[in-house]
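4 protein chains.
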Amino acid sequence: MLKVSIIGATGYAGAELLAILHRHPQVDIAHITSESNTGKEISELYPHFAGIYDMKLESLSDIEKIGADSDFIFIALPHGHAMDVGKKLEKLPVRIIDLGADYRFADTKIYETWYNVEHTHRNAQRVYGLAEIYREDIRTAKIIGNAGCFTTASILALAPLVRHHLIDVGTIIVDAASGVSGAGRSLKLGNHFAELYDNFKAYNVAKHRHTPEIEQALEDLSGEKIVISFTPHLVPMSRGILATCYAKIKDTRTIDAAFQKMYGNEKFIRLLGRGAYPETKFVRGSNYCDIGWHIDERTNRVIVLSAIDNLVKGAAGQAVQNFNIAAGFDEDTALDVVPLYP
Amino acid sequence: MLKVSIIGATGYAGAELLAILHRHPQVDIAHITSESNTGKEISELYPHFAGIYDMKLESLSDIEKIGADSDFIFIALPHGHAMDVGKKLEKLPVRIIDLGADYRFADTKIYETWYNVEHTHRNAQRVYGLAEIYREDIRTAKIIGNAGCFTTASILALAPLVRHHLIDVGTIIVDAASGVSGAGRSLKLGNHFAELYDNFKAYNVAKHRHTPEIEQALEDLSGEKIVISFTPHLVPMSRGILATCYAKIKDTRTIDAAFQKMYGNEKFIRLLGRGAYPETKFVRGSNYCDIGWHIDERTNRVIVLSAIDNLVKGAAGQAVQNFNIAAGFDEDTALDVVPLYP
Amino acid sequence: MLKVSIIGATGYAGAELLAILHRHPQVDIAHITSESNTGKEISELYPHFAGIYDMKLESLSDIEKIGADSDFIFIALPHGHAMDVGKKLEKLPVRIIDLGADYRFADTKIYETWYNVEHTHRNAQRVYGLAEIYREDIRTAKIIGNAGCFTTASILALAPLVRHHLIDVGTIIVDAASGVSGAGRSLKLGNHFAELYDNFKAYNVAKHRHTPEIEQALEDLSGEKIVISFTPHLVPMSRGILATCYAKIKDTRTIDAAFQKMYGNEKFIRLLGRGAYPETKFVRGSNYCDIGWHIDERTNRVIVLSAIDNLVKGAAGQAVQNFNIAAGFDEDTALDVVPLYP
Amino acid sequence: MLKVSIIGATGYAGAELLAILHRHPQVDIAHITSESNTGKEISELYPHFAGIYDMKLESLSDIEKIGADSDFIFIALPHGHAMDVGKKLEKLPVRIIDLGADYRFADTKIYETWYNVEHTHRNAQRVYGLAEIYREDIRTAKIIGNAGCFTTASILALAPLVRHHLIDVGTIIVDAASGVSGAGRSLKLGNHFAELYDNFKAYNVAKHRHTPEIEQALEDLSGEKIVISFTPHLVPMSRGILATCYAKIKDTRTIDAAFQKMYGNEKFIRLLGRGAYPETKFVRGSNYCDIGWHIDERTNRVIVLSAIDNLVKGAAGQAVQNFNIAAGFDEDTALDVVPLYP
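Okay, here's the thing in structure tokens:
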């Protein structure tokens, strides 16, 4: 049994982690923290945990003790806070999986530019936490910077095409849509039920912070400098991301093969095939990323569609997948679930 | 390993059964059937099963062979069809859990009156499949008539009060609301998304078929003849039932104790307590029934609120709970899941 | 042209008032106020008004001037604030329609008990603003205490039965459900989209403040003391209220006639008839109250169903209806709209 | 007063037409037709019309008589049927506004290719019914081929940029999303509430029939051959379309001016400005098209966002706007309504 703690357990990603780890046969939860709700039981904040978890939320003020008690720590804090935790735990054997952005960038200057925060842990031993691409590095990493939600859907959709140089990378556009849980549990007018119901909108056009994260992974795969357009939209639903990705085709013939080659043995990627339409509901509650693609001969573009559950493959599920890899467990331990449908 | 078959696997309850049984360590799926989709793979009809189930749907025309191959058969057919299956399997050792109404009534005349169908298997050895009340009978039953969705929520809410004669049974009113999956997957205008979205309505007032089923269980508990008012409503959501139950109080003092006594050791009943508000989302995807109750001193009424997932505790989860009891497994095998939230 | 001002224009009811009054051929908007957004244009807060209204929000600090400028003032403030405004305008000729609770009760002690606030304007000349019952008094009232949303649906459903003594008033139960806009635009966790989506719950059981308001009107109609049970529920939708009302029948034969007699000539009440099912979507955006009723011979209960749009007939539309009566206009001026469907 | 008939009044667009025309002071409805519901009252099919419309649905079998009785005929039939009606009415003075696709294309071969139907009325005197671009032709046209829903949002978003040659037309991508009412009232599994709720998906990638319609209008504006990528998505909501349009910029400096120049005086286009985010709910129930645009300097792309109500500016509202122009009324007669919010 490994001892695992969750720093920032009361956001949606933290709660999803708790839900997933409840199924994990080799995990004991050591500590869960929340600064704003220290001392409360998690089930006071999330009544769906009633009778399942009755642990009390602690403060992270004594993070060194938490670190000493834990084999692995998951961090689900707003960006800018994980690097403080990471730095304090640098000398301890505990390994870290950060669900935020602090450890996602190889080049911390990119982070600083897009997040407008000074990076205070630049030399951290870290790896980008997207198993389908960086699996080998994840096995031994001290710190895993878990991939973001939009980025996971976007990178997985485009990776085979970029790796095999089948598209003109200067023409990539990712148009994506997410359910509201991606915006977190904090209150704002845009997430008020009455405002969002029967409503659809774009946001953060040309400036969403997942843009450079997608570019970084695609550059790793292609070896080329890549600049993309990324547009997020908000869908009046709880969970799910669909990414619709466009690019001009350089070589049509091997597109199907490229997907098959890269993902044929991946447990969590379901290739629905050419002409198929992933739907977010078909992956709801699961760690799957469903992918379909379309060749438009009129425009010589490929359109790749990918669907994930933003809280699972886009956050907590991916974190547990990374944890399983890092800890040497079967990659699908605790993740082998059927999507909840309808 | 037990061999299990599902007759009528392509409705929502059948699909939910498949999803739950995927988690069951002691079950092999032997056959799944669908008359309208014979020969197709289940994942063609339910793409969320892609990569999980690739079994082909068979016809139930050779039900005797299916019965001979199976230790247990779950039936998820429209009412009126299960009794044919049950009759044909009468001599085989296979045991049956019917998710429909055919085997729910001790007095088949009540069934015939409310369902307007002749009952053709009156002498079947059967038990009503609501474990919290009929657990001992379920252990050995040949046929289990799995309790309905509204009925489960209603009976569980009222059972402690009726058993201990704490309310005036002539004043019972159950006002309940269900998500749309309760109406099944077949198409009708009232379930068209555009018609139901941003909409709320009652239906089948004073004539819903779950009424006599509730009455039967309450009569069993109280020993009195009981006639209730039951009103179902349709909520623009996928899953979930909330029952709001009213009755005049005869004895206030022991109400809390009655709930505690009856359900204190029940795995799937979460007593949220007096003054508490169950929400359907807190049980979504799980087999829990959450219960809260309120004493209104102005009117001398008790109002009991209970929430279930109509497809789990209201259908497939309850069926697996009954199966576990009948087969001698731990009652929560395959059912020990955290609700999907948010 | 009459000059009309709105005190508290930035809540949902205030905004709906603006939307309705835009259609009114005999109204000029003189002032609109908001204390938290003074100086802003209304379309900054509600972009759907872009190009329609560009007025600036004022403070109500100089309410006497606003009162002097206006023929009518609509107040859409939280309870407890309207009575201050009403008192300050007592000597001016301006007439007042308050959408809140301050002027709804003939007996201010009831208000003080349920709202936990001292009433500071007890002797105000006021009338309860539900036109179908109090029309004649509304014509000349100085202050109209506009009926609440749940109360409107509940009273209109039960009024004919109570007036004609066709039911046992000791058995009345109103079980009602509302869309989220009824909870207003302020932020709270329960109204967060992700929390409420695919969710249904009751709230304020046995203590909702609309209870004594319903009782007051029913007592006026019947001449008897009446105590009812009232339970509100929250539906994951924007707009709409459905009230499901139960009572034991004293005289079945004249129920249909009672509805016809009381409402046969009412413009805004649509009698769908015995056995009919009102749906909230069929009245969305309109001032209609749709009513259907059911006789349950098994239980000797009548179940009356009524549907309104909580922001229109339950708030702003009713206020304009009252205004039209008070000002001598046709009662449906600005209210003669087709519901928005689907 | 003009006499107006609606051929195919029982789809969502036909019903919306009836709702809008109810507000039109110079219109009498002469006939409404439905082949599948001949003889029924419209309010049997759409109870929201109860007390508003009690007309009976007729057959279109005697279309010549209907034509002779009418000054204008709106056709809301599935594609392929309007051209029969149009042909039969060719010699009558009645003017026609077709909400379907039959009369949208100047080149009927394009229609035949994309709709897979032979065009039987090729020489019809017709104009494309998008007032902001073809207003002058609409005034006198015999037949107006009302613009489609996705096309209206897409064309209006891109028109100023294309007309003034500010973008590279070879790089245009339109990624759009629609509420479910756009798919009509007929039943199919994909529109079943339980299937679509909490779900998001693309459909008809690279083959949606609105593609050539968008191209036709953009070619008219630019004088160049244009081939675009168009991808529709289905949003779990009733009404609304958001189009997110991408193109490489040729000249950034005059983009703002181009929008202002083309739309500055348009009643139904609200320019929210550079950096703004239209939301579908801000136009719900209204004939507005809200537009915002964003310049992405990293990629040298412009992203234009436009929002409409698919049943109003995308169908029935636009039809009435065209009717007003053709009949010589103020263009906003019956269309001067505030969007329904929230």
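Chains as they are written, first to last, in my numbering: chain B, 11 to 352; chain D, 11 to 352; chain H, 11 to 352; chain S, 11 to 352. Every residue gets a Cβ at the ideal spot worked out from N, C-alpha and C, and that includes glycine.
**Asked** Got a sec: is the Cβ-Cβ distance from B:M272 to anything in chain S below 8 Å?
**Response** no
**Request:** Please list the partners that B:F292 has in chain H, where partner means a Cβ-to-Cβ separation under 8 Å.
**Result:** None at all; the shortest Cβ gap to chain H is about 16 Å.
**Prompt:** Out of H:G24, H:G21 and H:R33, which has the shortest C-alpha to C-alpha gap to S:T343?
**Reply:** For S:T343, the nearest C-alpha among the options comes from H:R33.
**Prompt:** How big is the Cα-Cα spacing for H:F240 and D:F339?
**Reply:** Near 44 Å, if we compare the C-alpha coordinates of D:F339 and H:F240.
**Cut-off 8 Å between Cβ atoms - residues of its own chain near B:M380, not counting five sequence neighbours on either side** = This structure cannot settle anything about residue 380 of chain B, because the visible part of chain B is limited to 11 through 352.
**Asked** Since D:Y353 sits in a beta bridge, which residues does DSSP pair it with?
**Response** Residue 353 of chain D lies beyond the residue range present for chain D, which begins at 11 and ends at 352; the question has no answer from this structure.
**Asked** Contact check, H:T123 vs H:H220 under 8 Å by CB: the rounded distance?
**Response** Taking the Cβ atoms as the reference, H:T123 lies roughly 14 Å from H:H220, outside the contact range of under 8 Å.
**Message:** Whether or not the stretch 291 to 302 of chain S and the stretch 235 to 251 of chain S are in contact is what I'm after, with contact meaning three or more pairs of Cβ atoms, one per stretch, closer than 8 Å; do they touch?
**Reply:** By the C-beta criterion, the stretch 235 to 251 of chain S is judged to be in contact with the stretch 291 to 302 of chain S, since at least 3 inter-stretch pairs fall below 8 Å.
**Message:** Give me the residue from H:I120, H:Y144 and H:L140 with the minimum Cα distance to H:C299.
**Reply:** H:L140
**Request:** Would you list, in chain order, the members of the stretch 48 to 61 of chain S that have their beta-carbon closer than 8 Å to a beta-carbon of chain H?
**Result:** Y56, P57, H58, F59, A60 and G61
**Request:** Report buried or exposed for D:P88, applying the criterion of at least 16 other Cβ atoms within 10 angstroms of its Cβ.
**Result:** exposed
**Message:** Using DSSP's beta-bridge definition, name the partner residues of S:A186.
**Reply:** S:P242 and S:A253
**Message:** Within the continuous beta strand (DSSP E) that includes H:I120, where are the two ends?
**Reply:** That residue, H:I120, is in no beta strand (DSSP E); its alpha helix (DSSP H) goes T118 to Y125.
**Asked** Mapping DSSP to helix, strand and coil, what is S:S316?
**Response** Looking at S:S316 - three-state DSSP - the assignment turns out to be strand.
**Item:** Local conformation of H:K50 per DSSP, three classes
**Value:** In the structure shown, H:K50 sits in coil (DSSP, three-state: anything other than H, G, I, E or B).
**Request:** Apply the 10 Å Cβ neighbour rule to S:G155 and answer buried if 16 or more other Cβ atoms are within range, or exposed otherwise.
**Result:** So S:G155 ends up on the buried side.
**Request:** Could you name the residues of chain D that S:V37 contacts, counting a contact when the two beta carbons are closer than 8 Å?
**Result:** What S:V37 touches in chain D: nothing, since even the nearest Cβ is about 26 Å away.
**Request:** Spell out the partners DSSP gives B:S15 in its beta bridges.
**Result:** Bridge partners of B:S15: B:I83.
**Asked** For B:D306, which residues from the same chain have a beta carbon less than 7 Å from its beta carbon, with the 5 sequence-adjacent residues on both sides left out?
**Response** I313
**Contacting residues, own chain, Cβ-Cβ under 7 Å from H:S69 (five flanking each side not counted)** = Taken in chain order, the residues that qualify are T43, E45 and T48.
**Prompt:** Does any heavy atom of the ligand GTP sit closer than 7 Å to the C-beta of H:T48?
**Reply:** Among the ligands in the structure shown, none appear at all, so the ligand GTP cannot be discussed.
**Request:** Could you work out which residue in H:G61, H:D38, H:L67 and H:D108 is closest to H:I52 when comparing CA atoms only?
**Result:** H:L67
**Prompt:** D:Y138 lies in the beta strand (DSSP E); which residues open and close that run?
**Reply:** R136 to G139
**Request:** Indicate the three-state DSSP secondary structure (helix, strand or coil) for S:L282 in the structure shown.
**Result:** strand
**Message:** Would D:V37 and D:M11 be called neighbours here (beta carbons separated by less than 8 Å)?
**Reply:** yes
**Prompt:** With a cut-off of 8 Å, does the C-beta of S:L281 fall near any C-beta of chain B?
**Reply:** Chain B, which has no Cβ nearer than 8 Å to the Cβ of S:L281, makes this no.
**Item:** Cβ-based burial, S:E146 [other Cβ within 10 Å; buried from 16]
**Value:** Its Cβ having fewer than 16 others within 10 Å, S:E146 is exposed.
**Request:** Examine chain E for any beta-carbon lying closer than 8 Å to the beta-carbon of B:N332, and answer yes or no.
**Result:** The structure shown contains no chain E; its protein chains are B, D, H and S.
**Prompt:** In terms of residues, what are the limits of the beta strand (DSSP E) holding D:N156?
**Reply:** Element bounds for D:N156: I153 to N156.
**Item:** Residue span of the beta strand (DSSP E) that contains S:H202, given as start and end
**Value:** Where S:H202 is concerned, there is no enclosing beta strand (DSSP E), given that its DSSP letter is neither H nor E.
**Request:** Check the C-beta distance from D:G295 over to D:L282 and give it rounded, since I have them as a contact under 8 Å.
**Result:** Between D:L282 and D:G295 the Cβ distance is about 18 Å, and since that is not below 8 Å, they are no contact.
**Item:** Candidates S:R195, S:S316 and S:L350: closest to S:F269 by CA position
**Value:** S:S316
**Request:** Just the chain S side, please: which residues come within less than 8 Å of D:H243 by C-beta, in chain order?
**Result:** Residues of chain S passing the Cβ test: none, with the nearest at roughly 14 Å.
**Message:** Please state the DSSP three-state secondary structure of S:K323.
**Reply:** helix
**Asked** Which residues, in order along the stretch 226 to 260 of chain H, keep a beta-carbon less than 9 Å from a beta-carbon of chain S?
**Response** S248 and R249
**Item:** C-beta neighbour in chain H for S:H64, strict 8 Å
**Value:** It should be noted that the sequence gives Asp, not His, for residue 64 of chain S. No, S:D64 does not count as interfacial toward chain H.
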